[in-house]
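Below is one structure, written out as structure tokens; the observations come after it.
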Amino acid sequence: MPELPKAFIDRCHSVTPKRPKTVIDHILEHGFITTEDLKEIYGYNHPPRAVRDVREYGISLTTFSVTGSDGRKIAAYRFGDVEAKRFTKISGRTGLSKKIKDALTEKYGCKCFIYLEEIDKSELQIDHRVPYEVGGEGTEHNPDDFMLLSGSANRAKSWSCGHCENWNNSKEKTICLSCYWAYPENYTHIAMRQLRRLDLVWQGDEIAIYEQLKAEAHSLEKEIPAFVKEILEKEIGRKHT
Numbered sequence: 255m256p257e258l259p260k261a262f263i264d265r266c267h268s269v270t271p272k273r274p275k276t277v278i279d280h281i282l283e284h285g286f287i288t289t290e291d292l293k294e295i296y297g298y299n300h301p302p303r304a305v306r307d308v309r310e311y312g313i314s315l316t317t318f319s320v321t322g323s324d325g326r327k328i329a330a331y332r333f334g335d336v337e338a339k340r341f342t343k344i345s346g347r348t349g350l351s352k353k354i355k356d357a358l359t360e361k362y363g364c365k366c367f368i369y370l371e372e373i374d375k376s377e378l379q380i381d382h383r384v385p386y387e388v389g390g391e392g393t394e395h396n397p398d399d400f401m402l403l404s405g406s407a408n409r410a411k412s413w414s415c416g417h418c419e420n421w422n423n424s425k426e427k428t429i430c431l432s433c434y435w436a437y438p439e440n441y442t443h444i445a446m447r448q449l450r451r452l453d454l455v456w457q458g459d460e461i462a463i464y465e466q467l468k469a470e471a472h473s474l475e476k477e478i479p480a481f482v483k484e485i486l487e488k489e490i491g492r493k494h495t
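Here you go:
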């Protein structure tokens, strides 16, 4: 690894939360870190989340491929542009996030854009529709370039994006713009795979309906998703006969 500027090293050492600090310290010592290192050495079962933490602190990481212990290609990460200046959590991202969250909740309400469940505003997380690693931060902070997600939806999106060919190699913004994880209301693929999905949430009085579905599915020895699909298919078939 080439010699790093002192200012960059100081910026690395200024990051104190355990997860990003672990990634940074490993790269400083070894030159790069792999998804296998993150899982086997440090016990992080979701490596893209740990890497994303580092990027959110304004430290650029680039992704490349190496051969893992089982002979398969795996992702690895090293420092990117050490001179790059990014708007970060440390330099005031919290203030920006509040403004964006306020604008989005005023326009769409306090609900997850993926699961459409209504949750407390404090539990909603802000995420770029197009991942920063592909689309960058942009010159203006337009609220509609972001989305509100529950914690579980954000983790699901992060995992899917981290395993996407476009994220790891092509980095074409137009591909992300047509993805489910950017615009679940209007998409043509999910992480470059020809899939369609429907996430259903039962809340409040609706929970009783879910429990009925669950009980009936169990009595038929079927999984709930398959059982719900079957009901929908029968209803569509009935309307076309």
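Reminder that position 220 of the sequence shown reads as 474 in our numbering, one-by-one numbering, no gaps. The C-beta atom is built at its ideal place from N, Cα and C for all residues, glycine as well.
Going by DSSP, what residue range makes up the beta strand (DSSP E) through residue i?
{"i": "S319", "result": "L315 to T321"}
{"i": "H382", "result": "Q379 to H382"}
{"i": "L403", "result": "F400 to L403"}
{"i": "I328", "result": "K327 to F333"}
Just the C-alpha distance for residue i and residue j, rounded to the nearest angstrom, thanks.
{"i": "P385", "j": "P397", "result": "14 Å"}
{"i": "W198", "j": "S473", "result": "The requested residue 198 is not part of the displayed model; the chain covers only 255 to 495."}
{"i": "K260", "j": "C418", "result": "34 Å"}
{"i": "Y464", "j": "S432", "result": "31 Å"}
{"i": "V336", "j": "S314", "result": "7 Å"}
{"i": "D459", "j": "Q379", "result": "26 Å"}
{"i": "R383", "j": "C366", "result": "13 Å"}
{"i": "Y296", "j": "R303", "result": "13 Å"}
{"i": "V269", "j": "T276", "result": "10 Å"}
{"i": "T316", "j": "R309", "result": "10 Å"}
{"i": "E294", "j": "S323", "result": "11 Å"}
{"i": "I263", "j": "K327", "result": "30 Å"}
{"i": "K488", "j": "H494", "result": "10 Å"}
{"i": "Y490", "j": "V482", "result": "One point to set straight first is that residue 490 is Ile, not Tyr, in the sequence displayed. Using only the alpha carbons, I get a separation of about 12 Å."}
My assumption, with CB atoms under 8 Å, is that residue i sits in contact with residue j. Please give the rounded CB distance.
{"i": "S412", "j": "R306", "result": "6 Å"}
{"i": "A462", "j": "C415", "result": "Not quite, the Cβ-Cβ distance comes to about 35 Å (not below 8 Å), so this is no contact."}
{"i": "E477", "j": "A469", "result": "At roughly 13 Å, the Cβ-Cβ gap does not stay under 8 Å, so E477 and A469 are not in contact."}
Let me make sure I understand the geometry here. Which of the options has the alpha-carbon closest to that of residue i?
{"i": "Y437", "options": "L402, P301 and Q466", "result": "L402"}
{"i": "G334", "options": "S414, F286 and T495", "result": "F286"}
{"i": "L454", "options": "L370, S376 and T442", "result": "L370"}
{"i": "W456", "options": "T428, I373, E377 and N408", "result": "I373"}
May I ask which residues mark the beginning and end of the alpha helix (DSSP H) holding residue i?
{"i": "D370", "result": "What sits at residue 370 in the sequence shown is Leu, not Asp. Note, L370: premise wrong, no alpha helix (DSSP H); not H, not E."}
{"i": "Y464", "result": "I461 to S473"}
{"i": "L486", "result": "I478 to K493"}
{"i": "R273", "result": "K272 to H284"}
{"i": "G389", "result": "Y386 to G389"}
{"i": "A436", "result": "From DSSP, A436 is part of no alpha helix (DSSP H); its letter is neither H nor E."}
How would you label residue i, buried or exposed, when you count the other beta carbons within 10 angstroms and need 16 or more for buried?
{"i": "R451", "result": "exposed"}
{"i": "S404", "result": "buried"}
{"i": "Y311", "result": "buried"}
{"i": "E387", "result": "buried"}
{"i": "F318", "result": "exposed"}
{"i": "P271", "result": "exposed"}
{"i": "A480", "result": "exposed"}
{"i": "I485", "result": "exposed"}
{"i": "N423", "result": "exposed"}
{"i": "L292", "result": "buried"}
{"i": "R447", "result": "exposed"}
{"i": "N299", "result": "exposed"}
{"i": "K361", "result": "exposed"}
{"i": "T288", "result": "buried"}
{"i": "L358", "result": "buried"}
{"i": "K355", "result": "buried"}
Can residue i be considered in contact with the ligand GTP, in the sense that its beta carbon sits closer than 6 Å to one or more heavy atoms?
{"i": "D291", "result": "Absence of the ligand GTP is noted for the structure shown, with no ligands found whatsoever."}
Under 7 Å, Cβ to Cβ, is there at least one residue of chain B near residue i?
{"i": "H443", "result": "This model lacks chain B altogether, as it is built from one protein chain only."}
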